[in-house]
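To start, the structure itself, in structure tokens.
As structure tokens, then:
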């Protein structure tokens with residue numbers, strides 16, 4: 021087995037090891053993407069309210 | 034005693050600006066630490082003499098489990114500050130912690146299961162360590178549910194804070210569960226008073242991965258806090274005058 025194959029094979033534990041790392045990657049990546057989207061949405065809402073000129077305290 | 038000064042330093046405008054300044058640096062540091070930790074943990078650390086290559090799951094399992102407790106204590110402390118001093122920033126931090134902590138707890142449970150199957154021969158046992166960690170997940174989900182259950186954000190924050198504070202009793206139970214009850218789970222490896230029972234070539238990647246998770250948490254917390262601040266302070270003058278990115 022070449023070096024890369026041996027690495028991917030993880031001594032026979034490939035399924036357990038790579039599933040663990042893969043899940044961690046997915047969960048951590050989602051936690052980066054979703055809040056960014058939330059911030060962009062908040063900024064877009066702010067921009068919209070500005071364009072409409074509806075920003076005032078009575079609006080809240 | 035007058036705590037009005039706290040409100041000045043906890044101003045949402047300052048927090049927003051500070052977050053903007055810090056997040057690019059924290060993002061870079063997080064990525065660098067992950068690169069270092071992953072290469073040293075997956076490639077250079079020697080295989081375990083008993084567990085072979087499967088022990089490499091430790092490099093995501095232990096940091097996730099550590100963060101599941103660290104984030105909980107942060108969330109409960111922020112909740113306590115929100116209850117006592119009525120700080121909006123503390124409410125926001127507590128709210129931002131809950132889904133992150135739940136994510137780390139989920140990862141700790143699932144990677145533990147994926148490690149338990151080949152090493153213990155079972156995905157799950159109802160022993161004290163695993164059960165108390167599962168209770169931690171339910172505590173996070175309960176706090177998140179409370180945060181979402183009220184139209185009034187501030188009432189939601191108070192309800193979430195009360196549950197988080199009650200749930201703090203679970204943290205020492207998780208930590209000491211492996212000493213108090215018989216279990217399949219191994220005892221502490223790093224956090225004990227005599228020498229860590231792990232070889233230095235395996236320990237350093239673990240510490241780097243823990244630092245990477247820790248940095249990731251602070252970075253992510255600051256990003257989450259920004260979106261919340263814009264919601265909380267949507268009618269404040271500084272938000273109305275905020276420089277918007279050209280295409281938000």
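Protein chains in written order, with the numbering used here: chain A, 21 to 80; chain B, 34 to 281. The beta-carbon is built from N, C-alpha and C at its ideal position, and this holds for glycine as well.
{"Item": "Considering residue 121(B), what are the terminal residues of the alpha helix (DSSP H) in which it resides?", "Value": "121-153"}
{"Item": "Using alpha carbons as the reference points, say which of 256(B), 142(B) and 116(B) lies closest to residue 193(B).", "Value": "116(B)"}
{"Item": "In the DSSP assignment, find the unbroken alpha helix (DSSP H) run with residue 75(B) in it and report its ends.", "Value": "It is not in any alpha helix (DSSP H) - residue 75(B) carries neither H nor E in the DSSP assignment."}
{"Item": "Quick check: the stretch 234-249 of chain B against the stretch 60-74 of chain B, are there 3 or more CB pairs under 8 Å?", "Value": "yes"}
{"Item": "Please check if any C-beta of chain A sits within less than 8 Å of the C-beta of residue 257(B).", "Value": "yes"}
{"Item": "Is the stretch 207-214 of chain B close to the stretch 154-166 of chain B, with three or more CB pairs under 8 Å?", "Value": "yes"}
{"Item": "Classify residue 94(B): buried if its beta carbon has 16 or more other beta carbons within 10 angstroms, exposed otherwise.", "Value": "buried"}
{"Item": "Thinking just about the alpha-carbon of each residue, which of 66(B), 262(B) and 270(B) is nearest to the one in residue 245(B)?", "Value": "66(B)"}
{"Item": "CA-CA distance, residue 65(A) and residue 112(B)?", "Value": "28 Å"}
{"Item": "From residue 80(A) to residue 96(B), what does the alpha carbon distance come to, in whole angstroms?", "Value": "Residue confidence is low: residue 80(A) scores 44 on pLDDT, short of 50, so the model does not pin down where it sits. No coordinate-derived value is stated."}
{"Item": "With distance defined between alpha-carbon atoms, name the residue in 23(A), 43(A) and 37(A) nearest to residue 86(B).", "Value": "37(A)"}
{"Item": "Can you tell me whether DSSP reads residue 266(B) as helix, strand or coil?", "Value": "coil"}
{"Item": "Given a limit of 7 Å on CB to CB distance, which residues of the stretch 47-67 of chain A reach chain B?", "Value": "47, 48, 51, 52, 55, 56, 58, 59, 60, 62, 63, 64, 66 and 67"}
{"Item": "Quick one: which residues of the stretch 85-116 of chain B get their C-beta closer than 8 Å to a C-beta of chain A? List them in chain order.", "Value": "85, 86, 87, 89, 90, 93, 94 and 97"}
{"Item": "I'd like to know whether the C-beta atoms of residue 100(B) and residue 137(B) end up nearer to each other than 8 Å.", "Value": "yes"}
{"Item": "Between the beta-carbon of residue 249(B) and the beta-carbon of residue 48(A), is there less than 8 Å?", "Value": "yes"}
{"Item": "Going by DSSP, what residues sit across from residue 85(B) in a beta bridge?", "Value": "81(B)"}
{"Item": "Helix, strand or coil for residue 198(B)? Go by DSSP, reduced to three states.", "Value": "helix"}
{"Item": "Leaving out five residues on either side along the sequence, give the residues of the same chain with a beta carbon under 7 Å from the beta carbon of residue 253(B).", "Value": "133"}
{"Item": "Output, in chain order, the set of chain A residues within a Cβ distance shorter than 8 Å of residue 166(B).", "Value": "Within chain A, no residue comes near residue 166(B); the closest Cβ sits about 16 Å away, beyond 8 Å."}
{"Item": "Three Cβ pairs or more, each shorter than 8 Å: is that satisfied between the stretch 144-155 of chain B and the stretch 183-197 of chain B?", "Value": "no"}
{"Item": "If we count the other Cβ atoms within 10 Å of its Cβ and call it buried at 16 or more, is residue 74(B) buried or exposed?", "Value": "buried"}
{"Item": "Could you tell me which chain A residues have their CB closer than 7 Å to the CB of residue 151(B), listed as they occur along the chain?", "Value": "33 and 36"}
{"Item": "Do residue 258(B) and residue 129(B) have their C-beta atoms within less than 8 Å of each other?", "Value": "yes"}
{"Item": "Below 8 Å between beta carbons: does that hold for residue 255(B) and residue 44(B)?", "Value": "no"}
{"Item": "Considering only C-alpha positions, which residue in the set 171(B), 49(B) and 143(B) is nearest to residue 42(A)?", "Value": "143(B)"}
{"Item": "Closer than 8 Å, CB to CB, is residue 25(A) near chain B or not?", "Value": "no"}
{"Item": "Confirm the yes/no value for this check: CB of residue 78(B), any heavy atom of the ligand SAM, distance under 7 Å.", "Value": "With respect to small molecules bound, the structure shown includes none, and the ligand SAM cannot be examined in it."}
{"Item": "Below 8 Å on the Cβ atoms is my guess for residue 131(B) versus residue 201(B); work out the distance and round it to an integer in Å.", "Value": "Actually they do not touch by this definition, with Cβ atoms about 14 Å apart."}
{"Item": "What number of angstroms, rounded off, separates the C-alpha of residue 272(B) from the C-alpha of residue 47(B)?", "Value": "12 Å"}
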